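Going by full-length UniProt numbering, 57 is the number at position 57 of the sequence shown; the sequence numbering is gapless. What follows is a set of notes on a single structure, which appears directly below.
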Amino acid sequence: MTTGADRTTDDFEAFYRANVDRVYRALAVTLRRDDLAQEAVDEAMARAYAKWATVHALDNPAGWVFRVGLNWATSFWRKARRERPPAEESAHPHHGPPDGEVAARDALAKLPLPQRAVVTCRVLLDLSTAETAAALAVSEGTVKSRLSRGLATMRAALSEENR
Numbered sequence: 001m002t003t004g005a006d007r008t009t010d011d012f013e014a015f016y017r018a019n020v021d022r023v024y025r026a027l028a029v030t031l032r033r034d035d036l037a038q039e040a041v042d043e044a045m046a047r048a049y050a051k052w053a054t055v056h057a058l059d060n061p062a063g064w065v066f067r068v069g070l071n072w073a074t075s076f077w078r079k080a081r082r083e084r085p086p087a088e089e090s091a092h093p094h095h096g097p098p099d100g101e102v103a104a105r106d107a108l109a110k111l112p113l114p115q116r117a118v119v120t121c122r123v124l125l126d127l128s129t130a131e132t133a134a135a136l137a138v139s140e141g142t143v144k145s146r147l148s149r150g151l152a153t154m155r156a157a158l159s160e161e162n163r
């Protein structure tokens, strides 16, 4: 006999399988660190599981997981900055994308975090303007503005590179 808990676990497992790679890629591009993106996805998915009844009912649970992961990473950075002397730098290996994506990924990585997050949500996660606004806790106008500026900056960087 299937219980409500079994259905909840099955629903979450299906959600996890369908979204974990896509959310990881979006966070890896946004955060520019694969290791931090993996930790952020793990933490966000754990929180989603703990609150699955609420998260499952959202219009865009994947957007919620992305935002929770981004918030977790931001908190991690703030804590690390407070605990580490400013001159200390550590090397973090980064596994790059296929050659055809290097220029676009570099252009995206150079965007300020707010623009990078919006471009990632709209382009990589294929979220609507409203879903992006909800995921990032900003207005739809802010999403449109950041997207426009971010894409314009990326186009300029890519066209300059092609000269």
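Cβ coordinates follow ideal geometry from the N, Cα and C atoms, glycine included. On a predicted model such as this, the values are computed, not experimentally measured, just so you know.
query = So, is ARG67 buried or exposed, given that buried needs 16 or more other C-beta atoms within 10 angstroms?
reply = The sequence position of residue 67 within the sequence shown is 67, counting from 1. Per the 10 Å Cβ criterion, buried.
ask   = When you compare only the Cα positions, how much space is there between ALA150 and LEU27?
value = Locating residue 150 in the sequence shown gives position 150, counting from the first residue. Locating residue 27 in the sequence shown gives position 27, counting from the first residue. The amino acid at residue 150 is misidentified as Ala; the sequence shows Gly. Those two C-alpha atoms are separated by around 17 Å.
task = Please specify which runs of the alpha helix (DSSP H), each continuous and at least 4 residues long, are wholly inside the stretch 26–71, giving them in chain order.
result = Runs found: 34–50 and 52–56.
key: Helix, strand or coil at PRO114 according to DSSP, with G and I counted as helix   = For the purposes of this step, residue 114 is taken as residue 114 along the sequence shown, with counting starting at 1. Three-state DSSP puts PRO114 in a helix.
CB-CB length for THR132 against VAL143, believed under 8 Å = One-based indexing of the sequence shown puts residue 132 at position 132. One-based indexing of the sequence shown puts residue 143 at position 143. By a beta-carbon distance limit of 8 Å, THR132 contacts VAL143. Their separation comes to about 5 Å.
ask   = ALA137 by DSSP, collapsed to three states: which one?
value = Taking the first residue of the sequence shown as position 1, residue 137 is located at position 137. ALA137 falls in the coil class under three-state DSSP.
ask   = Cβ atoms of GLU161 and ALA103: under 7 Å apart, would you say?
value = Residue numbering aside, residue 103 sits at position 103 when the sequence shown is read from its first letter. Residue numbering aside, residue 161 sits at position 161 when the sequence shown is read from its first letter. In this structure, ALA103 sits near GLU161, with a CB-CB distance shorter than 7 Å.
ask   = In terms of residues, what are the limits of the alpha helix (DSSP H) holding ARG106?
value = Locating residue 106 in the sequence shown gives position 106, counting from the first residue. Inspection of the sequence shows that residue 106 is occupied by Asp rather than by Arg. Element bounds for ASP106: 102–109.
query = Using 8 Å as the threshold, is the stretch 47–67 in touch with the stretch 12–24, meaning 3 or more CB pairs across them?
reply = With a cut-off of 8 Å on Cβ pairs, the stretch 47–67 is in contact with the stretch 12–24, counting three or more such pairs.
query = Roughly how many angstroms lie between the CA atoms of THR54 and THR9, to the nearest whole one?
reply = Taking the sequence shown and counting its residues from 1, the one referred to as residue 54 is at position 54. Taking the sequence shown and counting its residues from 1, the one referred to as residue 9 is at position 9. Going by the C-alpha atoms only, they are around 14 Å apart.
query = So, ALA40 versus ALA73, is the Cβ gap smaller than 7 Å?
reply = Reading the sequence shown from its first residue, position 40 is the one you call residue 40. Reading the sequence shown from its first residue, position 73 is the one you call residue 73. Yes, they are a contact pair.
inquiry  = Please state the DSSP three-state secondary structure of SER145.
reply    = Numbered from its first residue, the sequence shown carries residue 145 at position 145. Correct three-state label for SER145: helix.
query = Using the C-alpha atoms, what's the distance from TYR24 back to LEU124?
reply = Taking the first residue of the sequence shown as position 1, residue 124 is located at position 124. Taking the first residue of the sequence shown as position 1, residue 24 is located at position 24. Rounded to whole angstroms, LEU124 and TYR24 show a C-alpha spacing of 11 Å.
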